[in-house]
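Comments concern the structure below.
Protein chains in written order, with the working numbering: chain A, 1 to 269; chain B, 1001 to 1253.
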């Protein structure tokens, strides 16, 4: 009992220390920004207080140029992001399982994937937008961004699977379907989650970039592009950048948490 | 007594790229029901391959294997297997690992639970039924492996160096435990090992294989009662004799 108390006290002490360092780090960042803004003395880099005012104003009164609230912008970006993610998941995971399982498919798809992989997802934006619509194009950009890390991690997961687990399940009478659901899927889940974690980071960058290229229907990228390139309202641009950062942190943090939960549950840690 | 497992002129050639390796060169062997037969031989001689062919995990290049009159063509739950590296499912608890085969066979949950409880008790893991695999010691892991194979009530249990990854002391405890468990069951066991001591302690018969390509070098009957005394003169004498035989296989390469 006393040992437990000691441990929990120590843990909360450590947690407090981490929080303190984090706070000091963030304050330092804001000061450096402030000093840089004063030294550079250009409207393009506003001081933090101007950005803070712009932030309060935007969240109170909404974006005056589109009649959308900031929440609408955020929601629009998240919707595209989730759409792209669902699409990527639906394609990359089954494909990855098949490629990992079949040596022929692996060899057959390798040249195609290797050629497509180095193309930055955002480079596809013009093609996707004109091949589909301005609404669907950005979703497809996110799809590409998430697709590759998810696919490669899934393939890796299947290949890393201990073959004796499959042998064991065969000698316990499992059919191919049962091996797939009861062995392959749980074995690869942590790897799929890891692919998601990486894909979320890339996908989030993709959506903001794609919205800047296809500026319609709101979105944080659209907001930044409008405020910066058309209206030259630099404090508002920085508010947009801050929102991109926070939403990105939230989405990847969520995937990170899910990954760790599943890794723990599956005994992979 | 009836011939339960029959291995008829089995030969196994592994092909990799354009290279051929003859792993097993014409083995014929009959194993009776309820017999415990150990397969001994120099490292890499193909002991495990023999076991995998009985399991149906590897196909013989030529020749046939019959278990209880049926030709082996694929793995099945009538031939349980215990693996050297345990091959437990890390995302399942001890109970769920043992339950796997019954789940596959779609046995009703209540019946399943009762059966699993019985085997958890047999291998002495009642206090660890809900533990995760990574929380167990090596010896406990292999007890799960044995229970998982036995719970299906297979006709044959194939054990591939099951205690090879354990330390010497745990290994002795596990061997004694296995002898106790086997007294209560009627399963036929084929046991691959590289430990002469283990083979003499456990087996009704020991099959000694030559170095690759493997043929049967000698079959030794051990009609002694169990549990056996490792320090007895006949045990020691037999150990020495077999070790000398195996030594020859190693020197000749």
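Think of the CB as a built atom: it goes at the ideal place given N, C-alpha and C, for glycine as much as any other residue. If you're wondering where the values come from, they're calculated on a predicted model, not measured in any experiment.
- Residue 260 of chain A is outside the set of residues whose beta carbon lies under 8 Å from a beta carbon in chain B.
- Where residue 213 of chain A is concerned, the enclosing alpha helix (DSSP H) starts and stops at 185-213.
- In the same chain as residue 43 of chain A, and ignoring 5 residues on each side of it, the C-beta atoms closer than 7 Å to its own belong to 234, in chain order.
- Following the DSSP letters along the chain, one finds residue 69 of chain A in no beta strand (DSSP E), marked with neither H nor E.
- A direct Cα-to-Cα measurement between residue 1138 of chain B and residue 22 of chain A gives close to 43 Å.
- The DSSP-derived three-state label of residue 102 of chain A is coil.
- In the DSSP assignment, the residues bridged to residue 1008 of chain B are B:1064.
- Residue 160 of chain A sits in coil when the DSSP states are folded into three classes, being neither helix nor strand.
- Listed along chain B, no residue sits closer than 8 Å to residue 69 of chain A by beta-carbon distance, the nearest being about 44 Å off.
- Under DSSP, residue 1038 of chain B shares a beta bridge with B:1191, B:1206.
- Interface with chain A (8 Å Cβ-Cβ cutoff): residue 1085 of chain B is included.
- Listed in chain order, the alpha helix (DSSP H) elements of length 4 or more contained wholly in the stretch 1129-1206 of chain B are 1138-1150, 1168-1183, 1196-1202.
- Residue 1077 of chain B reaches chain A at 171, 172, 173, 174, counting residues in chain order whose Cβ is nearer than 9 Å.
- One alpha carbon belongs to residue 1196 of chain B, the other to residue 1042 of chain B, and they sit about 11 Å apart.
- Look at residue 1216 of chain B: its C-beta is not under 8 Å from any C-beta on chain A.
- Three or more Cβ pairs closer than 8 Å define a contact, and the stretch 1202-1209 of chain B meets that threshold against the stretch 1021-1039 of chain B.
- Straight-line spacing of the CA atoms in residue 162 of chain A and residue 1233 of chain B works out to 43 Å.
- Distance from the CA atom of residue 1060 of chain B to the CA atom of residue 1053 of chain B, rounded to whole angstroms, is 6 Å.
- For residue 182 of chain A, there is no enclosing alpha helix (DSSP H), as DSSP gives it neither H nor E.
- When the alpha-carbon of residue 1020 of chain B is set against those of B:1198, B:1047, B:1213, B:1236, the nearest one is in B:1213.
- Residue 1162 of chain B and residue 1083 of chain B have their alpha carbons spaced roughly 6 Å apart.
- Chain B places no beta carbon closer than 8 Å to that of residue 197 of chain A, leaving this residue out of the contacts.
- In the three-state reduction of the DSSP assignment, residue 145 of chain A falls in the helix class.
- Excluding residues up to 5 positions away in sequence, 1088, 1090 lie with their Cβ nearer than 6 Å to the Cβ of residue 1133 of chain B in the same chain.
- For residue 185 of chain A, there are no C-beta contacts with chain B under 7 Å, since the nearest C-beta of that chain is about 10 Å from it.
- Ranked by Cα distance from residue 1155 of chain B, the options B:1227, B:1009, B:1032, B:1028 are led by B:1032.
- Residue 138 of chain A and residue 90 of chain A have their C-alpha atoms roughly 17 Å apart.
- Residue 1014 of chain B carries a strand assignment under DSSP once its states are collapsed to helix, strand and coil.
- Spatial neighbours of residue 1160 of chain B in its own chain (CB-CB distance under 6 Å, excluding positions within 5 residues in sequence) are listed in chain order as 1048, 1051, 1083, 1084, 1192.
- Residues of the stretch 141-170 of chain A with a C-beta less than 8 Å from any C-beta of chain B: 162, 164, 165, 167, 168, 169, 170, listed in chain order.
- The shortest CA-to-CA distance from residue 1200 of chain B to any of B:1173, B:1119, B:1135, B:1240 is the one to B:1240.
- Listed in chain order, the non-local C-beta contacts of residue 1148 of chain B below 6 Å within the same chain comprise 1097, 1098, local neighbours out to five positions each way being set aside.
- Minimum Cα-Cα distance from residue 1094 of chain B among the listed residues B:1157, B:1215, B:1011, B:1123 corresponds to B:1123.
- Rounded to whole angstroms, the separation of the alpha carbons of residue 1092 of chain B and residue 259 of chain A is 18 Å.
- By the criterion of a C-beta distance shorter than 6 Å, residue 1006 of chain B is surrounded in its chain by 1030, 1066, once the five residues flanking it on both sides are discounted.
- For residue 265 of chain A, the residues of chain B that pass the 8 Å Cβ criterion are 1091, in the order they occur in the chain.
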